[in-house]
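In this note's numbering, the protein residues as written are 7 to 71.
All residues carry an ideal CB built from backbone N, CA and C; glycine is no exception.
The structure appears right after this line, and notes come after that.
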């Protein structure tokens, strides 16, 4: 993606984690440095990468057993 810079002051807000539990989180608003526009990723690519991450995480969990 490229270099990013802080686009505003960090703040805390409640968000749901991956287990659907509400937690207090720090949010750091970011923007691309140099006024560049973000690239658009296809939904298909994002979903494929998420499935890949889940598979790796699942395999890591099995190794710990």
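Per DSSP, residue 28 is paired with what?
Beta-bridge partners assigned by DSSP to residue 28: 22.
Note down, in chain order, each residue of its chain lying with its Cβ closer than 6 Å to the Cβ of residue 17, except the 5 sequence neighbours on either side.
33
Once the 5 residues before and after residue 42 are set aside, which same chain residues still bring their CB inside 8 Å of it?
8
At which residues does the beta strand (DSSP E) containing residue 46 begin and terminate?
Taken as a continuous stretch (DSSP letters only), residue 46 belongs to no beta strand (DSSP E), as it is neither H nor E.
Between the alpha carbons of residue 61 and residue 26, how many angstroms are there, rounded?
20 Å
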